[in-house]
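**Q**
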Amino acid sequence: AQSVTQLGSHVSVSEGALVLLRCNYSSSVPPYLFWYVQYPNQGLQLLLKYTTGATLVKGINGFEAEFKKSETSFHLTKPSAHMSDAAEYFCAVSLYNQGGKLIFGQGTELSVKP
Amino acid sequence: EADIYQTPRYLVIGTGKKITLECSQTMGHDKMYWYQQDPGMELHLIHYSYGVNSTEKGDLSSESTVSRIRTEHFPLTLESARPSHTSQYLCASSTGGNYGYTFGSGTRLTVV
Chain U
13 AQSVTQLGSH VSVSEGALVL LRCNYSSSVP PYLFWYVQYP NQGLQLLLKY
63 TTGATLVKGI NGFEAEFKKS ETSFHLTKPS AHMSDAAEYF CAVSLYNQGG
113 KLIFGQGTEL SVKP
Chain V
34 EADIYQTPRY LVIGTGKKIT LECSQTMGHD KMYWYQQDPG MELHLIHYSY
84 GVNSTEKGDL SSESTVSRIR TEHFPLTLES ARPSHTSQYL CASSTGGNYG
134 YTFGSGTRLT VV
């Protein structure tokens, strides 16, 4: 069965520092991969996704993620953190043969210190 | 503008009351989902539907029920609310495949 693991439930960075949020998946077939962001008292918003093609995908707000099949990873990065990036981040995987149903990771809370 | 709407945004209700959380989308998506999100952030799928008159239970057992009489509408009902039902409930919709989900803003339910 497929699953998603996000390493670190809380990540804290200083403003201007690199943001790295880790996501590993287990799947026997190539998955579709997603990152979502959730601000307080809001629903989830799609940041970026990988389906096919280029393994480095760019999303909104300066975020990007790289699909590494050999490492079964899809880590999220941003070169320079802003205070407004403080939020919850969720990695998710779906299989093309399961109707697009998403399996979510446990979530990572990102804090940004001034 | 195509979107997905959840009402109410916040609800405080007494134990034993019947409640219905509303979810509607204007995108014509066939697939709709309900998630329960606990204070630790993790999302738990409690119900989903792949079309009209089709509903399935999710991975987390829930005392709630759902219906899908119209494509755009996917309400969730609790017949008798209890404090253990206190949580945030998120509704989402999708066309399936590689498009991911579109989420509503959520309903934060508190049962006292």
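Chains as they are written, first to last, in our numbering: chain U, 13 to 126; chain V, 34 to 145.
Even for Gly, the Cβ is constructed at its ideal location relative to N, Cα and C.
(1) Indicate whether the contact test is met: 3 or more Cβ pairs, each with one atom in the region 23 to 40 of chain U and one in the region 86 to 99 of chain V, closer than 8 Å.
(2) Does the beta-carbon distance from residue 55 of chain U to residue 74 of chain V come in below 9 Å?
(3) Residues in its own chain within less than 6 Å of residue 16 of chain U by CB, not counting five upstream and five downstream?
(4) Which two residues bound the contiguous beta strand (DSSP E) that contains residue 36 of chain U?
(5) Could you compute how far the alpha carbon of residue 69 of chain U sits from the alpha carbon of residue 57 of chain V?
(6) Going straight from the alpha carbon of residue 121 of chain V to that of residue 40 of chain U, what length do you get?
(7) Using a Cβ-Cβ cut-off of 9 Å, state whether residue 73 of chain U counts as contacting chain V.
(8) Give the C-beta separation of residue 35 of chain U and residue 88 of chain U to the nearest angstrom, bearing in mind that I take them to be a contact with Cβ-Cβ under 8 Å.
(9) Mind reading off the beta-carbon distance from residue 54 of chain V to residue 140 of chain V? Whole number of angstroms is fine, and I expect it under 8 Å.
(10) Buried or exposed: which applies to residue 37 of chain V, given that a residue is buried once 16 or more other Cβ atoms fall within 10 Å of its Cβ?
(11) Going by the beta-carbon positions, is the gap between residue 66 of chain V and residue 134 of chain V smaller than 9 Å?
(12) What are the partner residues of residue 143 of chain V, as DSSP defines its beta bridges?
(13) Rounded to whole angstroms, what is the Cα-Cα separation between residue 127 of chain V and residue 18 of chain U?
(14) Spatial neighbours of residue 113 of chain U within its chain, please: C-beta separation below 7 Å, excluding the five flanking residues on both sides.
(15) Does the region 79 to 93 of chain V come into contact with the region 39 to 46 of chain V, if we say contact requires no fewer than three beta-carbon pairs (one atom in each stretch) closer than 8 Å?
(16) With residue 85 of chain V and residue 104 of chain V assumed to form a contact (beta carbons below 8 Å), what rounded beta-carbon distance in angstroms separates them?
(17) Hey, how far is the Cα of residue 91 of chain U from the Cα of residue 107 of chain V?
**A** Straight from the coordinates:
(1) Output reads no: the region 86 to 99 of chain V does not touch the region 23 to 40 of chain U.
(2) In this structure, the beta-carbon distance from residue 55 of chain U to residue 74 of chain V does not fall below 9 Å.
(3) For residue 16 of chain U, the CB contacts under 6 Å within the same chain, skipping 5 residues up- and downstream, are 37, 103, 105, 115 and 117 in chain order.
(4) DSSP places residue 36 of chain U in the uninterrupted beta strand (DSSP E) bounded by 31 to 38.
(5) Straight-line Cα distance between these residues: approximately 31 Å.
(6) Each residue's alpha carbon lies about 32 Å from the other.
(7) Residue 73 of chain U does not count as touching chain V.
(8) Yes, they are in contact, since the Cβ atoms of residue 35 of chain U and residue 88 of chain U sit about 7 Å apart, within 8 Å.
(9) The C-beta distance from residue 54 of chain V to residue 140 of chain V rounds to 5 Å, short enough to meet the 8 Å contact threshold.
(10) Under the 10 Å beta carbon count, residue 37 of chain V is surrounded by 16 or more other beta carbons and is classified as buried.
(11) In contact: residue 66 of chain V and residue 134 of chain V (Cβ atoms closer than 9 Å).
(12) DSSP, once it has assigned bridges, lists V:45 as partnering residue 143 of chain V.
(13) In a straight line, the C-alpha of residue 127 of chain V is about 23 Å away from that of residue 18 of chain U.
(14) If the five residues before and after residue 113 of chain U are omitted, its C-beta is found closer than 7 Å to the C-beta atoms of 106, all from its own chain and listed in chain order.
(15) Too few Cβ pairs lie closer than 8 Å, so no.
(16) Residue 104 of chain V and residue 85 of chain V do touch by the CB rule: their CB atoms are close to 6 Å apart, below 8 Å.
(17) If I take the Cα positions, the gap works out to 40 Å.
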